[in-house]
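Comments concern the structure below.
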Amino acid sequence: MYNPYNEYPCPNMYSPWRSFDLMYNNYRTQANPYYYTPMNRPEYVNKYPQGYPFDGRYDYSPRHLGYPTSTGFVEIRDYGPNPFVIDIEEATVENNNFRSSLWTGDYLQLTVMSLNPGEEIGLELHPDTDQFVRIEDGRGLVLMGDSRDNLNFEQRVEDDFIFIIPAGKWHNLINIGNEPLKLYSIYAPPEHPHGTVHRTKAESDAAEDQ
């Protein structure tokens, strides 16, 4: 029972006696919040110490991969035009601003949005910009048409739905659910200035009036 060669294997600890087993290879072990080996000290596993202490989620989340984080999630800010990798679903769901740009380059822009129940983006038109939208959480109503008085395209959308707005189409999106509508949007070319943050729709409307 107490034979050190037959001890119960701890899934979070590298044991020299089990080096033959890839499961316990020190390059593949997950960090234990109470035990450090030379290869899973914080300075090796995660350059950003705010990822500690662990909350029990042993996965490949952004904090393990060294992405900028604030409280364990991706920091919502504009990373363009640098190379960029992100868990877009997590970033979209965690965003609570009406609109935040995540990446802006010369030819493309990525933004995340959150619409409160009953809120809408507002009727608008982008003459020279195509737009891709994906819904990550919530339910919405998409309206599109050739003129602001003739929105003859109408479609309900929900989680995992996408819709594309061709340049020159009037359009609107309305949250018809009982919870925030979370989405991300890709503009080509960019529609908003680099680093755009609109915490509310009122802020967005004020920026457009300037």
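When we follow my numbering, the leftmost residue of the sequence shown carries the number 363, and every step to the right adds one.
All C-beta atoms in this analysis are idealised placements derived from N, C-alpha and C, irrespective of residue type, glycine included.
Only a predicted model underlies this, so the values are computations on that prediction, with no experimental measurement involved.
Nonlocal neighbours in the same chain, by C-beta distance under 6 Å from residue i, ignoring five residues either side
i	result
Ile527	Gln493, His533
Gly442	Trp465, Thr466, Gly467
Leu477	Asn537, Leu543
Residue-chain proximity (residue i, chain B), Cβ-Cβ < 7 Å
i	result
Asp511	Given the protein chain composition of this structure (a single chain), no chain B is represented.
Buried/exposed call for residue i, threshold 16 Cβ in 10 Å
i	result
Pro445	exposed
Leu485	exposed
Gly500	buried
Gly557	exposed
Inter-residue spacing [alpha-carbon to alpha-carbon] between residue i and residue j
i	j	result
Ile524	Gln572	31 Å
Ile448	Val559	18 Å
Leu535	Arg518	10 Å
Val436	Ser509	39 Å
Glu482	Thr454	17 Å
Pro511	Glu456	Note on residue identity: the sequence assigns Asp, not Pro, to residue 511. Rounded to whole angstroms, Asp511 to Glu456 spans 35 Å at the Cα level.
Arg439	Ser463	6 Å
Ala568	Gln471	21 Å
Ile450	Ser547	11 Å
Pro555	Leu487	17 Å
Met338	Glu570	The structure shown does not extend to residue 338, since the chain spans only 363 to 572, so no value can be given for it.
Asn514	Val495	19 Å
Leu505	Asp522	18 Å
Integer Cβ distance of residue i from residue j, believed to fall under 8 Å
i	j	result
Phe460	Lys544	Rounded, the Cβ-Cβ distance is 12 Å, inconsistent with contact.
Ile497	Glu520	6 Å
Glu541	Pro479	7 Å
Beta-carbon proximity list for residue i, same chain, < 8 Å, skipping 5 on both sides
i	result
Pro489	Ala529, Gly530
Arg561	Asn459, Phe460
Neighbourhood of residue i by C-beta distance below 7 Å, restricted to the same chain and skipping five residues each side
i	result
Thr491	Ala529, Tyr549, Ala550, Pro551, Glu553
Gly539	Pro479, Gly500, Arg501
Original post:
Of all the beta strand (DSSP E) runs that stay within the bounds of the stretch 426 to 483, which reach a length of 3 or more residues?
Top reply: 461 to 466, 471 to 477
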